[in-house]
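Just below is one structure, and these are the notes that go with it.
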Amino acid sequence: MNHSFHHVDAKRVFAFIFVAVLVSIGLRQADSQDAVSGEPVADAVEVRADVSATIESENEADEIEDPPYTPKTVAELQKSLTPIQFKVTQNEETETAFRNKYWDNKKEGLYRCIVCGQALFTSETKYKSGTGWPSFYDPISKDRIGMKVDFRLIYPRQEVHCSRCEAHLGHVFNDGPKDKTGKRYCLNSAALRFEEAAEKSKSAKDKSR
Ligand SMILES: [Zn+2]
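For the sequence shown, this note's numbering assigns the number -7 to the initial residue and increments by one for each residue that follows.
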């Protein structure tokens, strides 16, 4: 007896699910047509999703202020940058390991693009890689940097650029800390300007720990 009851129940459940699926398909098709023009509205939905993703990543960047940026001519850059800063950021050269400004900098603060001042990395994701170049496992946010494949050596390398002024910063490798992102952003000090965290915000941070 019990068995046949179960059989009837199962049939009813399947019939219900079948109808529910048909109804939901019908509703979805109705949704994807714009009521007025009859145009599909899927594109509008995607655009909305993109906007909210951007807002989220901006929140993560923690209200960091960047100075305004006006693109400079090559002559202006040559004037405002030192020779090594110019060679690294504009000609994609690499400075000497252990003989650069920030490879061993352990101070708390922001690392900004030397050309446009956009904040790129923080001391929180800087780590000792042993390479002799400042190394980070993550940028402040992905929209602050750009990537390009570099074939200067036998094997291709991922170049890291500033997303705002396109200054060459260094390269990214996949041998970073495994417990973090696994990435190693190997940067040139000459492409960076370090801005030490203000004493006030540092002590506020210590208290909140
Ligand atoms: Zn820049």
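Using N, Cα and C, we set each Cβ at its ideal position, and we do this for glycine too.
Check: residue i C-beta below 7 angstroms from any heavy atom of ligand 1
{"i": "Arg156", "result": "yes"}
{"i": "Ala182", "result": "no"}
{"i": "Ala189", "result": "no"}
{"i": "Gln110", "result": "yes"}
{"i": "Val80", "result": "no"}
{"i": "Ala202", "result": "The displayed coordinates of the chain run from -7 to 201. Any statement about residue 202 would go beyond what the structure contains."}
{"i": "Val107", "result": "yes"}
Residue i to residue j span [Cα, whole Å]
{"i": "Glu85", "j": "Gln70", "result": "15 angstroms"}
{"i": "Thr62", "j": "Leu112", "result": "18 angstroms"}
{"i": "Asn92", "j": "Ser181", "result": "6 angstroms"}
{"i": "Glu87", "j": "His163", "result": "12 angstroms"}
{"i": "Gly174", "j": "Thr114", "result": "17 angstroms"}
{"i": "Val141", "j": "Ser155", "result": "15 angstroms"}
{"i": "Leu145", "j": "Asp96", "result": "26 angstroms"}
{"i": "Lys64", "j": "Ile137", "result": "19 angstroms"}
{"i": "Gly124", "j": "Thr117", "result": "16 angstroms"}
{"i": "Gly122", "j": "Lys172", "result": "17 angstroms"}
{"i": "Asp58", "j": "Arg185", "result": "13 angstroms"}
{"i": "Asn166", "j": "Lys120", "result": "15 angstroms"}
{"i": "Pro126", "j": "Tyr94", "result": "6 angstroms"}
Chain-order list of residues whose beta-carbon lies under 7 angstroms from that of residue i (same chain, five-residue window excluded)
{"i": "His160", "result": "Val80, Thr81, Glu84, Glu151, His153, Ala183"}
{"i": "Glu187", "result": "Gly101, Leu102, Arg104"}
{"i": "Ala189", "result": "Glu100, Gly101"}
Residue i: first and last residue of the uninterrupted beta strand (DSSP E) it sits in
{"i": "Gln82", "result": "No beta strand (DSSP E) contains Gln82, which is instead part of the alpha helix (DSSP H) from 75 to 83."}
{"i": "Glu87", "result": "It is not in any beta strand (DSSP E) - Glu87 carries neither H nor E in the DSSP assignment."}
{"i": "Gln150", "result": "149 to 154"}
{"i": "Gly122", "result": "No beta strand (DSSP E) holds Gly122; DSSP gives it neither H nor E."}
{"i": "Glu188", "result": "184 to 188"}
{"i": "Cys105", "result": "101 to 105"}
{"i": "Ile137", "result": "137 to 142"}
Own chain partners of residue i with C-beta closer than 8 angstroms, once the 5 adjacent residues on each side are dropped
{"i": "Thr74", "result": "Ala182"}
{"i": "Met139", "result": "Gln150, Glu151, Val152, His153, Val164"}
Close-in-space but distant-in-sequence residues of the same chain around residue i (CB under 6 angstroms, 5 per side omitted)
{"i": "Thr107", "result": "Per the sequence presented here, residue 107 reads as Val, with Thr not at that position. Hits under 6 angstroms: Thr81, Cys157, Ala159."}
{"i": "Phe128", "result": "Phe113, Thr117, Lys118, Tyr177"}
Residue i: first and last residue of the uninterrupted alpha helix (DSSP H) it sits in
{"i": "Val66", "result": "66 to 72"}
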